[in-house]
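A.B. asks: A single structure is presented below for examination.
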Amino acid sequence: MYSGPAAAGSPRRDFISVTLGPEEAVGVGGYNNSKAWRRRSCWRKWKQLSRLQRSVILFLFAFLAVCGAISYTSMGETWKSVTNKSLDDQRTEQQIPRLKLANPVVLPAPQKADANHGDYPELSLQKPPKLPHVRRGPSNLQIKAPRRDTRLKTRHDTMRAVEELVEAHKVEKTEKSIISWRGAVIEPDQSTEPPSSKIMEPEKPSSVEAEDQKEPVPINERQLAVIEAFRHAWKGYKDFAWGHDELKPLSKSYSEWFGLGLTLIDALDTMWILGLKEEFDEARKWVANDLVFDKNVDVNLFESTIRILGGLLSTYHLSGDSLFLEKAKDIGNRLMPAFKTPSKIPYSDVNIGRGTAHPPRWTSDSTVAEVTSIQLEFRELSRLTGDEKFRKAVDEVMKHVHILSGKNDGLVPMFINTNSGQFTHLGVYTLGARADSYYEYLLKQWIQGGKKENELLEDYVRAIEGVKKHLLQRSEPKKLTFVGELAHGHFSAKMDHLVCFLPGTLALGAHNGLAADHMKLAETLIETCYQMYAQVETGLSPEIVHFNLHAQKGHKDVEIKPADRHNLLRPETVESLFYMYRFTGDKKYQDWGWEILQNFNRYTRVPTGGYTSINNVQNPSNPEPRDKMESFFLGETLKYMFLLFSDDIDLINLDRYIFNTEAHPLPIWVPA
């Protein structure tokens, strides 16, 4: 409303009058946010703009449209190539689903060995013909596990497949896989790395030259005898103890320890190495269908680690069959509760079904050998799975023992408390039972990890110096060098057969660059271990011997007490003979091993199948069989026999593999 002209001198006020139509009046069809309303409102706003403003806005829209068209044209090809690459990657992942696992070296598939000796040459673990682009690689080769339908082919069919793939490679050079080598695909440009918290990356092959390939080494008569002995032992196990822990060959029955088929699992890699295809296939089916760890049973951490976990990991590496890795991961996880102790020193026993662990009923101690001889296996499980927890648990044990007081020039007591983490029963030092493999695993962990963990090497070298200073003596009359025991400052001339692992370990250390006097000591000690057999009436060593320190008329170097004269078919001397022959080439070591095998056949062989421990090695007419075949007879003793008699240094090459204390070969992470 207009009020007329303003009075002179008064401020001017302007008013605007707005008239609302009835449809726009408040409360009479007011604003309702309808689409029609919004369109009319936007159009009014557009019309209210000046012509210049509308021109600028239209120009900006046109400019953005042109830029978008140009960008789409330039990005189209790039997007197309990225999409194609993604599809190719998906196809590759479908073809190689296990690429992120650190997959194993795959040995040749085992070949069927007939009973007829005339067919035995087919057993030879021969190597492929010389191919210009094929490398005999160490354990850090990334090798994809072969498919099940081709994993266990015969040598003839497999070699034919190799030739066909080589020809295909010549035509299709853009393929990244090199060839199928007896059922395993070898892939280039990959490397082995220590385990980390992340999934393992593919491995790179080492620079092993093609010249390393050698002509096939045929199986000899002594190896054939080992194969026959294994088959005889396996026959007894299959007929009377199939799927159970141990055979009782005399009563044609079995005994159980854990109820996990210990003999079968211990023997898997032996069958592969010996070339026993049919037996291996049967055992694999049992593992696939019947081996179940989800059961309410207490197992010994040490024994189940070295026999079951070690055996499964080794068989996975040799065969490439992922079944064995899956089983290894299962048992590995079930053993982890043992490490839940105040000190991180593991309990001795684990219930793998309930997930609980405990020390023995009579003590809270664990033996030093048991808690320090599970590292190779758990470390390798971490390397394969990328899960650090396995390695972390066992490495903590070694680091703890490294700084622990109570040692004597590197020698350790036999017991350690799981609550306090301290050594107990101080003052007693031995390289026999309850301490032996501690020293073995110091060296072998150092080698396994690529010779980088200096604390392990320092502890090993210091311990060997302690052995020289405190435990070495010479017997009469032959002046045999032996390893005794020390108890509170008093020397005992007692030596367990278990100590005969030491010559082989010393030789292995010397081979890997340690002092030359380690090899000299190994040579003198292996002579002693042989005499522990040769000076006994059956030619078989007792479990424990005592050496004469003073010459006595009519007495030998070796004395045997009635409680110690049993023989359990142990492998330690044969193990050291294998190392000594492999590193020196001296045939006498093979001859000594041959004598031992013949005496096993003469005094421990059971006609209906199997071999038995005996109670009296001093009575050839009645060695008093014990009616038990230990699983390590197939897992260790016969395996080392077969390797001892072989002249093929690439049959489990000791620069590429390290044996655990149950003779299961595991790859060295970084070749020496």
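First residue of the sequence shown? That's 2 in our numbering, and the numbers climb one at a time after it. Yeah, the Cβ is synthetic: ideal placement off N, Cα and C, and Gly gets one too.
Quick one: which unbroken beta strand (DSSP E) runs of 3-plus residues sit fully inside the region 249–329? Chain order, please.
C.D. replies: The region 249–329 contains these whole beta strand (DSSP E) runs: 254–256, 299–301.
A.B. asks: Could you tell me if the beta carbon of E389 falls within a distance shorter than 7 Å of some heavy atom in the ligand FMN?
C.D. replies: Ligands are entirely absent from the displayed structure, and the ligand FMN is therefore not among its contents.
A.B. asks: Going by beta-carbon coordinates alone, are K453 and L377 separated by less than 8 Å?
C.D. replies: No, the Cβ-Cβ distance between K453 and L377 is not below 8 Å.
A.B. asks: Considering Cα atoms alone, identify which of L481, T419, S476 is closest to V402.
C.D. replies: Checking every option, the nearest Cα to that of V402 belongs to T419.
A.B. asks: Measure the C-alpha to C-alpha separation of N513 and I448 and round it to an integer number of angstroms.
C.D. replies: Distance between the alpha carbons of N513 and I448 is about 8 Å.
A.B. asks: Distance check for G356 and I527, CA to CA, integer angstroms please.
C.D. replies: In a straight line, the C-alpha of I527 is about 43 Å away from that of G356.
A.B. asks: Entirely within the region 610–660 and at least 3 residues each: give me those beta strand (DSSP E) ranges in chain order.
C.D. replies: Taking only runs of at least 3 residues, the beta strand (DSSP E) segments lying wholly in the region 610–660 are 658–660.
A.B. asks: What distance in whole Å lies between the Cβ atoms of K341 and E397, which are believed to be in contact at a cut-off of 8 Å?
C.D. replies: Between K341 and E397 the Cβ distance is about 12 Å, and since that is not below 8 Å, they are no contact.
A.B. asks: Helix, strand or coil for V372? Go by DSSP, reduced to three states.
C.D. replies: Helix, per DSSP.
A.B. asks: Counting only the same chain and skipping the five closest in sequence on each side, list residues whose C-beta sits under 7 Å from that of L499.
C.D. replies: Cβ neighbours of L499 beyond the five flanking positions: G433, A434, D437, E573.
A.B. asks: Taking the alpha-carbon of Y439 as reference, which of G428, L412, N600, H426 has the nearest alpha-carbon?
C.D. replies: Among G428, L412, N600, H426, the Cα nearest to that of Y439 belongs to L412.
A.B. asks: From the DSSP secondary-structure annotation, give me the bridge partner or partners of Q591.
C.D. replies: Paired residues: none, contrary to the question.
A.B. asks: Three-state secondary structure (DSSP) at L457?
C.D. replies: The answer is helix: DSSP assigns L457 an H, G or I state.
A.B. asks: L319 to P563, Cα distance in whole Å?
C.D. replies: So the two alpha carbons sit approximately 42 Å from each other.
A.B. asks: Counting C-beta neighbours from all protein chains within 10 Å, is the total for A664 16 or more, i.e. buried, or is it exposed?
C.D. replies: Its Cβ being crowded by 16 or more others within 10 Å, A664 is buried.
A.B. asks: CA-CA distance, L124 and F584?
C.D. replies: Because the pLDDT at L124 is just 31, under 50, the model does not fix this residue reliably, and the point stays unresolved.
A.B. asks: Taking the alpha carbon of P360 as the point to measure from, which residue in Y348, V369, I353 has its own alpha carbon closest?
C.D. replies: Checking every option, the nearest Cα to that of P360 belongs to Y348.
A.B. asks: Spatial neighbours of P666 within its chain, please: CB distance less than 8 Å, with the 5 preceding and 5 following residues excluded, ordered by chain position.
C.D. replies: Around P666: D270, S315, H318, L319, I653, Y658, I659, F660.
A.B. asks: Find out if the Cβ-Cβ distance for the pair L251, P626 is shorter than 8 Å.
C.D. replies: In this structure, P626 lies closer than 8 Å to L251 by Cβ.
A.B. asks: Less than 8 Å separating the beta-carbons of S305 and F259?
C.D. replies: Yes, these two residues count as a Cβ contact at 8 Å.
A.B. asks: Can you list, in chain order, the stretches of the alpha helix (DSSP H) that have 4 or more residues and sit fully within the region 421–475?
C.D. replies: Those alpha helix (DSSP H) runs which fall completely within the region 421–475 and span 4+ residues are 437–449, 455–467.
A.B. asks: Are the beta-carbon atoms belonging to M533 and A234 less than 8 Å from one another?
C.D. replies: Taking 8 Å as the Cβ cut-off, M533 and A234 do not qualify as a contacting pair.
A.B. asks: Give me whichever residues DSSP pairs with D350 in a beta bridge.
C.D. replies: Bridge partners of D350: N301, H359.
A.B. asks: Would you call K588 buried or exposed, if buried means 16 or more other Cβ atoms sit within 10 Å of its Cβ?
C.D. replies: Exposed is the call here.
A.B. asks: Quick one: measure Cβ to Cβ for T368 and F416, integer angstroms, because I've assumed they're closer than 8 Å.
C.D. replies: Indeed, because the Cβ distance is near 6 Å, the residues count as touching under 8 Å.
A.B. asks: Determine, using beta-carbon pairs with one atom in the region 240–257 and one in the region 610–621, whether at least three such pairs fall under 8 Å.
C.D. replies: Yes, they touch.
A.B. asks: Using a Cβ-Cβ cut-off of 7 Å (strictly less than) and excluding sequence neighbours within five positions of T364, which residues of its own chain qualify?
C.D. replies: No residues qualify anywhere along the chain.
A.B. asks: Kindly indicate which three-state DSSP category M415 falls into: helix, strand or coil?
C.D. replies: Residue state, collapsed to three classes: coil.
A.B. asks: Start and end of the alpha helix (DSSP H) containing F502?
C.D. replies: Careful: F502 lies outside any alpha helix (DSSP H) and carries neither H nor E.
A.B. asks: When the Cα of E1 is compared with those of D246, K239, I307, which residue comes out closest?
C.D. replies: No statement about residue 1 is possible, as the shown extent of the chain runs from 2 to 673 and does not include it.
A.B. asks: According to the Cβ coordinates, are L550 and A494 closer than 8 Å?
C.D. replies: Against a cut-off of 8 Å, the Cβ pair of A494 and L550 comes out as a contact.
A.B. asks: In this structure, how does DSSP classify W670 when only helix, strand and coil are distinguished?
C.D. replies: Here W670 sits in coil by DSSP.
A.B. asks: So, P414 versus T539, is the Cβ gap smaller than 8 Å?
C.D. replies: Contact: no.
A.B. asks: Using DSSP bridges, identify the partner residues of E486.
C.D. replies: According to DSSP, E486 bridges with S493.
A.B. asks: If we count the other Cβ atoms within 10 Å of its Cβ and call it buried at 16 or more, is V67 buried or exposed?
C.D. replies: It is exposed - the Cβ of V67 has fewer than 16 other Cβ atoms within 10 Å.
A.B. asks: Taking buried to mean at least 16 other C-beta atoms within 10 Å of its own C-beta, is G288 buried or exposed?
C.D. replies: Reading the sequence as shown, one finds Val at residue 288 and not Gly. Classification for V288: buried.
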